[in-house]
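Note sheet for the following structure.
Number of protein chains: 4
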Amino acid sequence: MPTTRFSSDDEGIDAFYADLAEHDLQPLWELTGLMTAEPNPRAVPFVWRGKHLSALAERSGELITSDRRVLSLANPGLAGAPYAVPTLWAGIQYLNGREVAPAHRHSPSALRFVLSGSGVFTLVDGDPIAMEAGDLVLTPGWTWHEHHNTGAEPMAWLDGLDVPLVHYLDAVFFEPGDGSPADATAERSDSERRYGCAPGIVPVGEVPVRPHSALLTYRWADTDRALTAQLDQDTGRSAVRFVDPVSGRDVLPTLRCEMHRFLAGNQPLTRQRVGSAVGVVLRGSGSIALGDTRHEVAAGDVFAIPSWTPVTVSAESDLDVFQYSDAPVLSALGLYRERSYSPEF
Amino acid sequence: MPTTRFSSDDEGIDAFYADLAEHDLQPLWELTGLMTAEPNPRAVPFVWRGKHLSALAERSGELITSDRRVLSLANPGLAGAPYAVPTLWAGIQYLNGREVAPAHRHSPSALRFVLSGSGVFTLVDGDPIAMEAGDLVLTPGWTWHEHHNTGAEPMAWLDGLDVPLVHYLDAVFFEPGDGSPADATAERSDSERRYGCAPGIVPVGEVPVRPHSALLTYRWADTDRALTAQLDQDTGRSAVRFVDPVSGRDVLPTLRCEMHRFLAGNQPLTRQRVGSAVGVVLRGSGSIALGDTRHEVAAGDVFAIPSWTPVTVSAESDLDVFQYSDAPVLSALGLYRERSYSPEF
Amino acid sequence: MPTTRFSSDDEGIDAFYADLAEHDLQPLWELTGLMTAEPNPRAVPFVWRGKHLSALAERSGELITSDRRVLSLANPGLAGAPYAVPTLWAGIQYLNGREVAPAHRHSPSALRFVLSGSGVFTLVDGDPIAMEAGDLVLTPGWTWHEHHNTGAEPMAWLDGLDVPLVHYLDAVFFEPGDGSPADATAERSDSERRYGCAPGIVPVGEVPVRPHSALLTYRWADTDRALTAQLDQDTGRSAVRFVDPVSGRDVLPTLRCEMHRFLAGNQPLTRQRVGSAVGVVLRGSGSIALGDTRHEVAAGDVFAIPSWTPVTVSAESDLDVFQYSDAPVLSALGLYRERSYSPEF
Amino acid sequence: MPTTRFSSDDEGIDAFYADLAEHDLQPLWELTGLMTAEPNPRAVPFVWRGKHLSALAERSGELITSDRRVLSLANPGLAGAPYAVPTLWAGIQYLNGREVAPAHRHSPSALRFVLSGSGVFTLVDGDPIAMEAGDLVLTPGWTWHEHHNTGAEPMAWLDGLDVPLVHYLDAVFFEPGDGSPADATAERSDSERRYGCAPGIVPVGEVPVRPHSALLTYRWADTDRALTAQLDQDTGRSAVRFVDPVSGRDVLPTLRCEMHRFLAGNQPLTRQRVGSAVGVVLRGSGSIALGDTRHEVAAGDVFAIPSWTPVTVSAESDLDVFQYSDAPVLSALGLYRERSYSPEF
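Protein chains in written order, with our numbering: chain A, 681 to 1025; chain B, 681 to 1025; chain C, 681 to 1025; chain D, 681 to 1025.
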């Protein structure tokens, strides 16, 4: 330890450091890595391949009898923790035909993003939300939720949760249900009926104040239409954010959700954002540069974006990417920054 | 003046009152009507008949050359003021085929509600908003606006403004345009493209903070779909509020807009609200009781609802009523109250 | 009526206008004065002299037996209405020694600003607020309030209310008390004990969300200290705003309160603000230009500032002016503007 | 690994798990400890003794030449990390007479709580804040700050930061100053002059919207007065929160600060709160039960309160405890809960 930087008394300092340790103290002046000019994440940029995820999820369906059949994406930089990035969970959940994942609730919040298939609905506090490819479905913190596959075919989707963050904050509460699936059918959800009919048209009466969105699902047809309408012909890009239709805030207090479209041959832009994110390719192919490394990606690929990593997307065929991040956390705490610039390559 | 209630010195009090008057003072104890147990409006409940409004608007189109051809609805209780209720303006604006109402802007905010026809668009700060039957269009305070009738047919619509309120508050600012109509066409509005594609799906980036809605029009097809989805089969009623899709607040800081649907034979409910409102029948027929008087109404009829007036609607045929009110003002000032109860008849 | 501007058919237009009138309609194109380039208030700038107010209040104390002994300041521009400006009430309330003004409550909000004396306390929902010279005391809308003069001397203070505004909005509710004065003494108010000890130090627990300030009184010693601390030596001016200590918002949803200090020989600044205000001189003397007219003022003088009137204050001796206005209303409705500039004289 | 719970195919599952690991995936159904009924923190309740902290800080002053002479309190449950609890830093900073800790800034926010002494001031973005015993001083995220000891005596204080949280979120930015101390003196701070004169009395003009408090210091005399005024005679307890005087929000977006007073023989109450906290005894003595263990504490002792730990304080002599926590983080993310009950002993 290069203590001579801090004292001329070599013996004294050794004794002093031993006394500090004995009293559960550490000398700040010897600590390094706490304050860095810019974020220096342990998590690494990483891509999980959709073809592996699909195949392994299918094997889990054949082999595993658990009713929470989820493959958790574990970032190699995080020392074995089952987390995609330090704050966010990403998992592939797999439900066989006619299966039910029974009810529970927990303080962490979740989103489900459907990559393919149909026939499943999720009950959120009793409200049935049908799930089809491209749909985003929310199960906010402390809401009861269960998944029903009413079809014969298995279905897989991406689970995104703030579990790592809530666990870090020592704020996890969990309550199992009574084990018996609800007797429900996949009617139209009350949430959609009230808040999903049209932009800015809501029931008369007081607008509810909740920590999460009043609308619990965002349908692919709607997202696709918005991406098409907002496409910038010059850059070949378009991007939407999913927000609570009665507050404009992020859909969940801990999770921001976005969908990005890049037309083939788009004009690339490099972005850096404080905070961690996970992306998944819904459709198309191209390359995503994460820091210095360029990855060829295709539908089903999931990737981790550690904080402040430069990201540049170039589409080969028209590319739709869903992304969730902890940006609302950074924003709420006054820590959010972002910047974008033309890539150098 | 029954001054003896307040003094035993009759002569002294006369001299005193004269001195008060000389110094521009008035004795509170002699003033009555300031503090009432409940609101006691001067405006009266009133109905203007659609058939008269149409016929007279048409005559104005033939006879009058002004480019702001508006018939102002004047509540008989308001001593000749051209106001439907103390805070709200209601007018029928009439634009002949190929006519333009040129640009200006003013601190009062306006809404346009189209009763029939098509072919007109309104430019709001350069953004072209097409207008068709059942549409609600906003021209918020201090935005430039002009109306273009691109068709051959005349068109009439209902203008709703907060002019009386803004005038009362001595806050009117007005600026005329340069007189030459903008060279614009009725493309899709930028406001709809960005905020009107789907509930809760908005452009990535900071959500704008504005005193008025980010969405400048609410289309009848959307409103109709929401009314249908939210219909309560037991009561035969449904009601939606129009809000800013990124804040959930009323569309304008001074005006709340709602659409109410009553099925034939609906179960009536009596409502009282603090603040003034104006209603207009878009479709159907029935009776509207305003206080003690019941009015048979049909499409095109406009009615004034003074503050705290009990309102009960009974549909004969399915009835759609658009309503705007000063409720955001009352709410912002902590003065809003409402109550509802089963009617006694 | 110069109708020829709008039609070539003189006879037709006369008949048309008659028909409009018969159907309670007015032609907008004939209406003038609705839309002006800048606010054009009916209320006039005006000064009520403190010496008259004092003398007449004292006479009311001798002559009048009412328990709401208030002289209402009536702006000469307002056609006999007992209002200082269109939205604001100003009155001199006078309470003889040992008198009580019994409890009532009303939806309008009130402030009391004490010009001199002591010995009175006001109960606000049971919380006793002592009143001394220079103190500002709030009785927010719908709070029960009564005034007790525990001393032998009469006391007079300035009442400021939003009664004209609430009356205009048809939102007045009033409820009398049971007539018997509360058995209370002028201890320290709970409101001060909790929210008035020190800036930013409040009870642990959820901060209450109320339309009005959690603190019901602002003491002269505090105001004086803040004015002294914030004095700009270059301009000889200082000005503070009274706000809710737990929200930073104006003390009442309809009323903004400020205190301004001008040192003798201050560098003057002309201000124009949208909305109406009332000022009162607490201390000192000088001149106040309201529009084109300069008024010499002294302690006790009350003045009306109609909307957008240029105001310029020049102190002869150090001058403290309390002011209340309807600025929160204008701000909440997106109608507030202000500007300031060096005066031209 | 008890895989037999999840499959009957022992060999297949081993191969499957190996394939998962190879592809950086983990089986959720084998993961335990993620979802617990209640928070289950790794950090342990712990007390650092003031006498050791003082003695070791003094030794650092004699021995160490660093200009950030800080002893970092390291919770024994956190595997060697220099953090008091997972989200919060606690350190004892020691500045010799005439010493300066030169300027830098960083995205983490800090508070300084002075246990004894005087003669130091901290410059926050150029505003000099004097520091005396019992004072709370803020250096919000990304503000430049430096400490000047103008006296001859050394001074030590408690540093509280959100460094662990900001580090976890990969949001640390740091910028050193140019190394030369500012030429400043300990005049009254501008922050106090504007926002610290009196509750609810602030400069006229727009109230600033900032992520942190407009007031950068809370003086002990003020805190003491508030604790005295709000003392509950029945329970012998009183507690205040420090908030932004113009928003009522916590002083920093990540840190809540409170001061608690317990009179000798107070009626104890047990509290549990989600989120982590650090306490320090300013004055007095007594016992603090953290979970199942009771600790006798005296002035200068610092203690760590992991999430959801039951805390019960019993004063022997009148006891003042300053506490900071990550409660604003939990609240902003919708994760905060608390409960309190009479202790069982």
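Built from N, CA and C at the ideal position, the CB exists for glycine as well.
Chain-ordered chain B contacts of residue i [CB-CB under 7 Å]
i	result
Gln-706(C)	Ser-752, Ala-754, Pro-762
Tyr-875(A)	Pro-879
Gly-859(C)	Within 7 Å Cβ-Cβ: nothing; Gly-859(C) doesn't reach chain B, min ~16 Å.
Tyr-848(C)	Pro-766, Tyr-848
8 Å Cβ cutoff met for residue i and residue j
i	j	result
Glu-826(C)	Val-780(C)	yes
Tyr-1004(B)	Arg-936(B)	yes
Gly-1014(A)	Pro-933(D)	yes
Gly-945(C)	Leu-999(C)	no
Arg-749(A)	Gly-741(A)	yes
His-892(D)	Leu-791(D)	no
Ala-894(D)	Ser-871(D)	yes
Ile-968(B)	Val-977(B)	yes
Thr-950(C)	Tyr-1021(C)	yes
Ile-693(A)	Leu-736(D)	no
Trp-769(B)	Pro-721(B)	no
Phe-686(C)	Ser-746(B)	yes
Phe-726(B)	His-784(B)	no
Glu-938(B)	Arg-917(B)	no
For residue i, the residue or residues it bridges with in DSSP
i	result
Ala-744(B)	One detail in the question is off: residue 744(B) reads as Ile in this sequence, not Ala. Looking at the DSSP assignment, Ile-744(B) forms no beta bridge with any residue, so it has no partner.
Ser-1020(D)	Arg-951(D)
Glu-938(B)	Arg-921(B), Gln-1003(B)
Asp-842(D)	Answer by DSSP bridge pairing: none, since Asp-842(D) is not bridged.
Tyr-763(A)	Looking at the DSSP assignment, Tyr-763(A) forms no beta bridge with any residue, so it has no partner.
Tyr-898(D)	Leu-816(D)
Ser-752(A)	Gly-771(A), Gln-706(D)
Asp-805(A)	Beta-bridge pairing links Asp-805(A) to no other residue.
Arg-874(D)	None; Arg-874(D) has no bridge partner.
Ala-984(B)	Phe-726(B), Val-958(B)
Phe-686(B)	Looking at the DSSP assignment, Phe-686(B) forms no beta bridge with any residue, so it has no partner.
Arg-974(B)	Ala-969(B)
Contacts of residue i in chain D (Cβ-Cβ under 9 Å)
i	result
Thr-934(A)	Leu-1013, Gly-1014, Leu-1015
Phe-793(C)	Those within 9 Å of Phe-793(C) in chain D number zero; the least Cβ separation is about 14 Å.
Chain-ordered neighbours of residue i on chain C, where CB pairs are closer than 7 Å
i	result
Ser-994(B)	Those do not exist, as Ser-994(B) stays about 25 Å from chain C at its closest Cβ, beyond 7 Å.
Val-852(B)	Met-715, Thr-716, Pro-719
Interface residues of chain A facing residue i [CB-CB closer than 9 Å]
i	result
Ser-1020(B)	The premise fails here: Ser-1020(B) is roughly 11 Å from chain A at the closest Cβ pair, so nothing lies under 9 Å.
Phe-922(B)	Gly-880, Ile-881, Val-882
Ile-693(D)	Leu-743, Ile-744
Proximal chain B residues relative to residue i, where beta-carbon distance stays under 8 Å
i	result
Pro-925(A)	Pro-879, Gly-880, Pro-925, Gly-928
Contacts of residue i in chain C (Cβ-Cβ under 9 Å)
i	result
Glu-826(D)	Chain C residues near Glu-826(D): none, gap ~24 Å exceeds 9 Å.
Pro-883(B)	Those within 9 Å of Pro-883(B) in chain C number zero; the least Cβ separation is about 23 Å.
Meets three-Cβ-pair contact criterion under 8 Å: the region 822-838 of chain B and the region 794-814 of chain B: yes
Residues, ordered as in the chain, of the region 886-920 of chain C that lie near chain D by beta-carbon distance below 8 Å: Val-887, Ser-893, Leu-895, Tyr-898, Arg-899, Asp-902, Thr-903, Arg-905, Ala-906, Ala-909, Gln-910, Ala-919, Val-920
Three-pair Cβ contact test at 8 Å for the region 958-974 of chain D versus the region 1006-1013 of chain D: no
Residues in the region 938-954 of chain C having any Cβ partner in chain B nearer than 9 Å: Val-954
Three CB pairs or more closer than 8 Å across the region 755-762 of chain D and the region 924-932 of chain D: no
Stretch pair the region 887-903 of chain A + the region 870-882 of chain B: three plus CB contacts closer than 8 Å: yes
Contact the region 771-779 of chain B vs the region 834-841 of chain B: 3+ CB pairs below 8 Å: yes
Cβ-based contacts, 8 Å cut-off: residues of the region 962-986 of chain B near chain C: Pro-986
Chain B contacts from the region 720-733 of chain C (Cβ-Cβ distance under 9 Å): Asn-720, Pro-721, Arg-722, Ala-723, Phe-726, Trp-728, Arg-729, His-732, Leu-733
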